[in-house]
Amino acid sequence: MRLKGKLSNWNDQKGYGFVEPLSGGQRVFVHIKAFANRHGKRPADGDLIVYQQVKESSGRYSAVDVQFSQILNQAASRAHLAKNRSNKTNWWGEVAIALLLTMVSYTIYTVQLPWQAGLFYLAASFITFVFYAIDKSAAQAGRWRTQESTLHTLALFGGWPGGYIAQKTLRHKSSKKEFQTVFWITVFLNFIVLLWLLSEQGNGLLRNIIYQITVVMN
1 MRLKGKLSNW NDQKGYGFVE PLSGGQRVFV HIKAFANRHG KRPADGDLIV
51 YQQVKESSGR YSAVDVQFSQ ILNQAASRAH LAKNRSNKTN WWGEVAIALL
101 LTMVSYTIYT VQLPWQAGLF YLAASFITFV FYAIDKSAAQ AGRWRTQEST
151 LHTLALFGGW PGGYIAQKTL RHKSSKKEFQ TVFWITVFLN FIVLLWLLSE
201 QGNGLLRNII YQITVVMN
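Numbering-wise (full-length UniProt numbering), the sequence shown opens with residue 1 and increments by one.
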């Protein structure tokens with residue numbers, strides 16, 4: 001169980017002092033080596049800390065796994081802000097996917113687009129989701145990462161719905177501001193391309209490409 005306390009009688013030269021539990025009780029010994037992730041901060045009298053208490057072989061109680069309460073609060077605040085920013089932009093992704101589904105479904109139903117266009121979006125989204133999952137696994141294991149340019153290229157070529165779902169479900173790349181900016185630019189550009197494919201010139205090119213692929217496969 002983690003406890004909260006206040007440093008007292010800290011000797012910075014020797015690197016040790018005592019912790020007075022905020023909940024009351026006997027103070028415990030703490031050494032500077034027990035501090036984790038100090039971020040360059042030196043302990044000082046009056047610092048509020050969070051720690052675990054252990055009983056040594058000598059019978060004395062010591063504080064271990066010590067962290068500054070201020071640093072923990074700052075980290076929690078940053079995480080909360082990042083989560084709020086992510087939640088505020090979540091509806092953009094949901095609206096964009098709903099709009100895409102409506103456009104593709106309607107244009108296929110009215111024969112403005114070939115049915116293969118819908119299949120292409122599904123396949124591209126699946127592949128993009130897989131690439132995100134692989135990159136997430138590599139990041140956790142310290143392996144070679146997938147380049148961000150690859151993820152953006154996949155998004156640009158119709159895989160952005162899968163990328164968005166991966167960001168939301170895998171919590172990957174969802175809080176990186178620079179990545180998110182480029183990602184939404186690729187979404188916008190993909191919609192521009194989709195609208196162009198509904199034009200006479202774009203639609204003719206798309207159907208010709210599908211015809212050539214069908215001939216090769218047959």
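Using N, Cα and C, we set each Cβ at its ideal position, and we do this for glycine too.
How should residue i be labelled, buried or exposed, when 16 other C-beta atoms within 10 angstroms of its C-beta is the threshold for buried?
i      : result
SER125 : buried
ALA188 : The amino acid occupying residue 188 in the given sequence is Phe; Ala does not appear at that position. Exposed, because fewer than 16 other Cβ atoms sit within 10 Å of the Cβ of PHE188.
ASP47  : buried
VAL30  : buried
THR181 : exposed
TYR121 : buried
ILE213 : exposed
TYR164 : buried
LEU205 : exposed
GLY59  : exposed
GLY17  : buried
TRP196 : exposed
What residue range does the beta strand (DSSP E) around residue i cover?
i     : result
LEU3  : 2–11
GLN67 : 61–68
Provide the residue span of the alpha helix (DSSP H) that contains residue i, from first to last.
i      : result
VAL130 : 116–141
In chain order, what residues of the same chain lie with their CB nearer than 7 Å to the CB of residue i, ignoring the 5 residues before and after it?
i      : result
LYS136 : LEU170 and HIS172
ILE108 : TRP115, ALA117 and GLY118
ARG145 : ASP135, ALA138 and ALA139
Which whole-angstrom value describes the C-beta separation of residue i and residue j, a residue pair presumed to lie in contact below a C-beta threshold of 8 Å?
i      : j      : result
TRP10  : ALA44  : 6 Å
LEU151 : PHE131 : 6 Å
What does a CB cutoff of less than 6 Å around residue i pick up in its chain, not counting 5 residues either side in sequence?
i     : result
TYR61 : VAL28, GLN53 and LYS55
LYS4  : LEU22 and VAL50
Does residue i come within less than 8 Å of chain B when only Cβ atoms are used?
i     : result
PRO43 : In summary, chain B is missing from the structure at hand, where a single protein chain is found.
For residue i, which residues of its own chain have a beta-carbon under 8 Å away from its beta-carbon, when the five flanking residues on both sides are left out?
i      : result
ALA155 : THR128, GLY163, PHE183, THR186, VAL187 and ASN190
Exercise for review: Return the chain-ordered ranges of every alpha helix (DSSP H) run that is complete within the region 15–56 and spans a minimum of 4 residues.
Suggested key: none
Exercise for review: Just list the beta strand (DSSP E) runs in the region 153–217, keeping only unbroken ones of 3 residues or longer that don't cross its boundaries, in chain order.
Suggested key: none
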